[in-house]
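Worksheet: the structure to be examined is printed underneath.
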């Protein structure tokens with residue numbers, strides 16, 4: 001399709017698309033005449049991913065470039081999701097090893113990258129709770145872990161089949177899911193708490 | 202106890218305690234001699250709440266004052282928890298009615314204050330997901346709702362008995378739980394996602 005049509009289909013202005021191409025976030029179109037280039041579904045999918053990272057995730061262009069580079073690398077989607085999760089979170093001060101987080105993950109029986117940004121996030125959350133003496137017994141950790149896994153398994157099982165082998169679509173939906181379902185989950189937990197308190201009285 | 206002992210037991214410096222008293226966040230001690238005042242367990246509990254709100258929740262002094270005023274009012278804990286939740290969240294642009302959030306809460310069968318800040322948060326999360334076309338079928342909402350309720354019921358059931366009739370202790374533990382367990386839950390969800398993806402392959 002032409003540039004104007006790509007703009008219409010993606011809801012992105014022509015100057016913004018040209019900016020992404022200049023910045024290397026979007027490959028240039030296939031030149032079909034001196035004044036015209038053709039764009040395909042790959043461009044549209046890539047454009048959706050860039051918009052998700054920039055507009056919804058609030059990532060810097062440098063961070064978007066890192067996600068795209070990770071997607072092109074040998075570990076593809078896994079590595080790109082990790083990089084995107086890292087960029088979506090405030091930078092943790094520590095770089096591991098994450099001793100307490102490691103224990104929790106072992107308690108839950110999960111196989112995860114021990115040095116990932118998610119582990120840093122878990123370690124920070126555990127340390128903050130311990131510092132103010134908030135109880136974190138194994139029973140509570142198992143309950144939270146089970147609830148988190150129920151949600152994660154549903155999310156992973158519901159990635160549409162056509163996205164499974166398409167790294168761009170996969171990373172887009174994981175990033176959108178992280179940024180958009182997290183506030184949803186927190187709002188529901190607070191509302192559930194209100195309901196549970198009222199029913200107790 | 203003396204001021205010095207209150208400082209030691211609460212881990213708060215004497216100047217900070219004096220500042221809280223001047224600002225009306227902490228009642229003055231009972232005067233026992235011209236140069237000496239006595240403080241009791243009520244002061245210690247109140248000090249813990251103020252520190253939780255300020256240090257952990259990052260609330261402004263004005264917001265802390267609102268939470269304390271709500272606690273003293275007729276609806277006590279419920280209202281104070283609502284005010285604290287509101288102060289802990291970025292201010293929502295809308296003020297209701299929250300139509301879509303209302304539908305979701307009805308779907309889940311929860312009894313909650315329809316105009317609360319939690320409802321505003323839910324409405325904003327639903328709108329953001331809808332805007333980028335992220336699927337939010339009833340099945341997914343029920344699954345998220347069930348997971349959130351499982352956690353909330355555990356949290357509510359595990360409030361120590363001695364706190365039940367002590368508004369200060371109750372609000373302290375709800376605020377700490379909100380601020381400290383939320384990052385924990387999000388970290389676990391991201392890790393669960395990593396584990397679920399890897400097991401799928």
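Chains as they are written, first to last, in the working numbering: chain A, 1 to 201; chain B, 202 to 402. From the three backbone atoms N, C-alpha and C, an ideal C-beta is built for every residue, glycine too.
- The shortest C-alpha to C-alpha distance from residue 246 of chain B to any of B:228, B:259 and B:263 is the one to B:228.
- For residue 304 of chain B, the secondary structure class from DSSP, reduced to helix, strand or coil, is helix.
- In the three-state reduction of the DSSP assignment, residue 261 of chain B falls in the coil class, being assigned neither a helical nor a strand state.
- Listed in chain order, the positions of the region 185-199 of chain A with a beta carbon within less than 9 Å of a beta carbon of chain B are 185, 186, 187, 188, 189, 190, 191, 192, 193, 194, 195, 196, 197, 198 and 199.
- For residue 244 of chain B, the closest Cβ of chain A is not nearer than 7 Å.
- Here residue 128 of chain A is not near residue 352 of chain B, since their CB atoms are 7 Å or more apart.
- For the pair of segments examined, the region 60-70 of chain A was found to touch the region 15-34 of chain A: the number of CB pairs separated by less than 8 Å reaches three.
- Apart from sequence neighbours up to five positions away, the residues of its chain that approach residue 213 of chain B with a beta-carbon distance below 7 Å are 248 and 252, ordered along the chain.
- Listed along chain B, the residues sitting closer than 8 Å to residue 151 of chain A by beta-carbon distance are 344, 345, 348, 390 and 393.
- Between the region 102-112 of chain A and the region 70-88 of chain A there are fewer than three C-beta pairs closer than 8 Å, too few to call the two in contact.
- For the pair residue 387 of chain B and residue 118 of chain A, the CB atoms are not nearer than the 7 Å cut-off.
- Exclusion of the five residues before and after residue 29 of chain A leaves 37, 38 and 39 as the residues of its chain whose Cβ lies within less than 6 Å of its Cβ.
- Identification of chain B residues near residue 155 of chain A by a Cβ-Cβ cut-off of 7 Å yields 394, ordered along the chain.
- Along the region 103-180 of chain A, the alpha helix (DSSP H) occurs as fully enclosed runs of 4 or more residues at 117-131, 138-157 and 161-164, listed in sequence order.
- Taking a Cβ-Cβ cut-off of 7 Å, the neighbours of residue 118 of chain A in chain B comprise 388, 391, 392 and 395, given in sequence order.
- Against chain B, the CB of residue 36 of chain A has no partner CB under 7 Å away; the residue lies outside that interface.
- Taking all protein chains shown into account, residue 316 of chain B has fewer than 16 neighbouring C-beta atoms within 10 Å of its C-beta and is therefore exposed.
- Residue contact with chain A for residue 202 of chain B: absent (no Cβ-Cβ distance below 7 Å to any residue of chain A).
- Residue 338 of chain B places its beta carbon 7 Å or farther from that of residue 302 of chain B.
- A direct Cα-to-Cα measurement between residue 380 of chain B and residue 2 of chain A gives close to 49 Å.
- Listed along chain A are 52, 56, 176 and 180, each with a C-beta nearer than 8 Å to that of residue 333 of chain B.
- The Cβ of residue 265 of chain B sits no closer than 7 Å to any Cβ of chain A.
- In the three-state reduction of the DSSP assignment, residue 38 of chain A falls in the strand class.
- Neighbours of residue 140 of chain A in chain B, taken as residues whose beta carbon is under 8 Å from its own, are 355 and 359 in chain order.
- Think of a sphere of 9 Å around the beta carbon of residue 128 of chain A: the chain B residues whose beta carbon falls inside it are 257, 380, 381, 384 and 385, in chain order.
- The closest CA to that of residue 367 of chain B, considering only B:250, B:345, B:395 and B:296, is found on B:250.
- Cβ contact annotation for residue 255 of chain B (same chain, cutoff 8 Å, sequence separation greater than five): 262 and 265, in chain order.
- Residue 281 of chain B is positioned such that its CB atom lies no closer than 7 Å to that of residue 260 of chain B.
- Non-local beta-carbon contacts of residue 10 of chain A in its own chain, meaning distances under 8 Å to residues more than five positions away in sequence, involve 17, 44, 47, 48 and 51 in chain order.
- For residue 223 of chain B, the uninterrupted alpha helix (DSSP H) segment begins and ends at 215-223.
- Not a single C-beta of chain A is nearer than 7 Å to the C-beta of residue 207 of chain B.
- At a C-beta separation below 9 Å, residue 326 of chain B has these neighbours in chain A: 180, 181, 182, 183, 184, 185, 186, 187 and 188.
- Taking C-beta atoms as the reference points, residue 188 of chain A and residue 345 of chain B count as a pair closer than 7 Å.
- Secondary structure of residue 249 of chain B (DSSP, three-state): helix.
- In the DSSP assignment, residue 203 of chain B falls outside any beta strand (DSSP E), carrying neither H nor E.
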